[in-house]
Every structure is written in structure tokens, then in C-alpha cells.
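Residue numbers (this note's numbering): 6 to 292. Every residue, glycine too, gets a C-beta built ideally from N, C-alpha and C. Every value quoted in this text rests on a predicted model; they were computed, and no experiment measured them. Beneath this line is the structure, given in C-alpha cells, with notes to follow.
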């Protein structure tokens, strides 16, 4: 059987702005260590997906928007028919510095500042949103570097439009809320709260009155992450934030995020990020 490869077009226009459009024809699950130092806007243009963010799983369909904060672990998973098209923007929250005043910046970042994670636009607003997307894609296909300013302005207009939609109506998508999904959310929230301390399946079993094997199985099934990988990525995500945003010594960061010794932290960090903690800090502009 011939499988059509995904069609991808991603352009890093500036250090703080990446725009991409992809079409997938076969089953596709994102890598399970996906988190980044930028904000993300994900727009599903066709198909259906399951979208996991931090501790909740959302059913996403054509026309839905997902807002992913910095450092939040997330991934998309298949939900029935594999074919889907998606458009995304990844940008740092300083993208608009120097362009707009503080009040306008807050308007553009409304979804991320308000804690909203999803939005289902009304059909009449989808036409407007698609107009922005198609214009951005067209500019990227022509001369991406020459159109950098134009794309940046279109992204700004697009975020402003989304913010205004949020002012007019509240169509936030509810996460899956079956008893099992609720329990998974509780477990993930517990890990996010206690990652700086030793966390084991045995401990979770005693806290949530479920067998370790059952927790391990359903956690992987519903989130796409094994328990140990999820815990590791949460710890490494916080370590990345501290390395970028503070001058805390690497040894103390390792302790703060739950590693018992520096050697283990260095090894796991490099396996996950492909850089040592010191290299990552230097790359982010800190000494």
C-alpha cells in the first residue's frame, strides 16, 4: 500500500516567530516530548484530533483553535480518520514589543493570559479566519523572507480578530469528562503539583486507590505518555524555564525539579533536549 507522505511547509521568519501549515494523510501522533519556550496557536482546518495539554484531553474538530502556553507539555493524537490539515503559529510573548503598547499586547495575548485553552469559532467567523490563514500561507510560499513583515502584520491582525471573537462569545471546548478522564486529570494535576518531590506509581496507587498497573495503562492510553515520561518531561520543562529565566545554579535547579543528584539530571536533560543544561542556558542568552 502506498502511503502519501505529509505535506509540510514551516518557516522560521524570526527568532520569535514560526509559522507552519501541514497536511497529513496517514495516522500521525506528535512526538511525546513536545513542549517549547514559545506560545502556540493551533488551528485545525480539516479532520478531527485529540489534543492533550498539560493535564486535559480535548476533542478537536475542523474550525477549532487551541492555545498552548509556554512550557506546557502537549501532543495531538489520532481521532478516527487520519487525514487532517492544520495551521500553527509559534511565537514568543515579546513578539510585539516595540510594535504595540502594553494594553494592546494584553489584547493580543488574551487567550494565554486568561487561561482559555480552546475556542470553537462560529461559522461566519471561520471565513474571516481562513482569509488570514490563506494570505499567510500564500506569502510563505512566495518569498517568505521578503514577506516577513507582511506575515507578522497578518499574524497580529489574526490574533486581534480571535481576541475580539472571545469578547463576543464563549465557545470554549470542554475536555473529555468521563470518570476515567477525570481521574487522569487528577493524576496529571497531582504530578504537576508534586514533581519536585519523589513521585512513584506506588504513591499514586495509594493516593488514588487504583492499582499501579491500571494507572500505568490508562495514563498511557488517554494521554499518549507513559507515567515516567510524563513526570520526566514536566521536570525538564520546569528546568528549562529556570535555566532561561533565572540565574539559579544548575545544581540547585536539579534539586528544585526533583532530581536526587546532578549527574542524573545532566544525563536526563541531555537525552531530552539534546543539549546539556549549561549549553541550553548559554543558547538562551544567559551565562
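Since residue 58 sits in a beta bridge, which residues does DSSP pair it with?
As a working mapping, residue 58 is identified with position 53 in the chain shown. Looking at the DSSP assignment, residue 58 forms a beta bridge with 61, 79.
Taking Cβ positions, are residue 47 and residue 87 nearer each other than 8 Å?
One-based indexing of the chain shown puts residue 47 at position 42. One-based indexing of the chain shown puts residue 87 at position 82. No; because the gap between Cβ atoms is not below 8 Å, this pair is not in contact.
Among all the DSSP beta bridges, which residues are the ones paired with residue 250?
Counting from one through the chain shown, the residue named residue 250 turns up at place 245. According to DSSP, residue 250 bridges with nothing at all.
Residue ranges of each alpha helix (DSSP H) run of no fewer than 4 residues wholly in the stretch 120-155, ordered along the chain?
If we require 4 residues or more, the alpha helix (DSSP H) runs fully inside the stretch 120-155 come out as 128-147.
Anyone know if the C-beta pair for residue 45 and residue 24 falls short of 8 Å?
Locating residue 45 in the chain shown gives position 40, where the first residue counts as 1. Locating residue 24 in the chain shown gives position 19, where the first residue counts as 1. No. Outside cutoff.
What whole-angstrom Cβ distance do residue 213 and residue 191 have, given they're in contact under 8 Å?
Walking along the chain shown from the start, residue 213 turns up at place 208. Walking along the chain shown from the start, residue 191 turns up at place 186. The Cβ separation is near 7 Å, so the contact holds.
Does residue 27 come out as helix, strand or coil in the three-state DSSP assignment?
In the chain shown, residue 27 corresponds to position 22, counting from 1. Strand, per DSSP.
For residue 91, which beta-bridge partners are listed by DSSP?
To locate residue 91, count along the chain shown from 1; it is residue 86. The partner list for residue 91 (beta bridge, DSSP) reads 27, 49.
Please list, in chain order, all residues of the same chain as residue 207 whose beta carbon is under 7 Å from its beta carbon, the five residues on each side excluded.
Taking the chain shown and counting its residues from 1, the one referred to as residue 207 is at position 202. If we look at residue 207 and ignore the five residues flanking it on each side, its Cβ neighbours are 217.
Quick one: Cα of residue 182 to Cα of residue 252, how far?
By one-based count along the chain shown, residue 182 stands at place 177. By one-based count along the chain shown, residue 252 stands at place 247. Cα to Cα, the separation comes out at about 41 Å.
Taking only three categories from DSSP, how would you classify residue 96?
Here residue 96 corresponds to residue number 91 of the chain shown, with the count starting at 1. Residue state, collapsed to three classes: strand.
If the criterion is Cβ atoms closer than 8 Å, does the pair residue 65 and residue 49 meet it?
Numbered from its first residue, the chain shown carries residue 65 at position 60. Numbered from its first residue, the chain shown carries residue 49 at position 44. Against a cut-off of 8 Å, the Cβ pair of residue 49 and residue 65 comes out as a contact.
Does DSSP classify residue 181 as helix, strand or coil?
Counting from 1 along the chain shown, the entry for residue 181 is found at position 176. Residue 181: coil per DSSP, three-state reduction.
Can you tell me the Cβ-Cβ gap for residue 113 and residue 70, rounded? I've got them flagged as a contact below 8 Å.
Reading the chain shown from its first residue, position 108 is the one you call residue 113. Reading the chain shown from its first residue, position 65 is the one you call residue 70. Not a contact, Cβ separation roughly 14 Å.
What would DSSP say about residue 270, mapped onto helix, strand or coil?
As a first step, residue 270 must be located in the chain shown, where it is residue number 265. Note: residue 270 maps to helix in three-state DSSP.
Please classify residue 114: does DSSP put it in a helix, a strand, or coil?
Residue 114 sits at position 109 when you count from the first residue of the chain shown. DSSP places residue 114 in coil when its eight states are reduced to three.
Specify, as a first and last residue, the run of the beta strand (DSSP E) that residue 213 falls within.
Reading the chain shown from its first residue, position 208 is the one you call residue 213. From DSSP, residue 213 is part of no beta strand (DSSP E) but of the alpha helix (DSSP H) over 206-213.
Going by Cα to Cα distance, which pick from 229, 261, 228 is closest to residue 241?
Within the chain shown, residue 241 is the residue found at index 236, counting from 1. Comparing Cα positions, the closest option is 261.
Since residue 244 contacts residue 203 with CB under 8 Å, what's their CB separation in whole angstroms?
Sequence index remark: in the chain shown, residue 244 carries index 239 (1-based). Sequence index remark: in the chain shown, residue 203 carries index 198 (1-based). In fact, because the Cβ distance is near 16 Å, the residues do not count as touching under 8 Å.
Among 227, 41, 67, 94, whose alpha-carbon lies nearest the alpha-carbon of residue 187?
What you label residue 187 is simply residue 182 of the chain shown in a count that begins at 1. Checked all of 227, 41, 67, 94; the closest Cα to residue 187 is 227.
Taking the alpha-carbon positions, what's the residue 101 to residue 159 distance?
Within the chain shown, residue 101 is the residue found at index 96, counting from 1. Within the chain shown, residue 159 is the residue found at index 154, counting from 1. One C-alpha to the other measures close to 13 Å.
So, with DSSP's three-state summary, where would you put residue 278?
For the purposes of this step, residue 278 is identified with residue 273 of the chain shown, where counting begins at 1. It is helical.
Please check the pair residue 57 and residue 290, which I expect to be a contact at CB under 8 Å, by giving their CB distance rounded to whole angstroms.
Taking the first residue of the chain shown as position 1, residue 57 is located at position 52. Taking the first residue of the chain shown as position 1, residue 290 is located at position 285. Not quite, the Cβ-Cβ distance comes to about 31 Å (not below 8 Å), so this is no contact.
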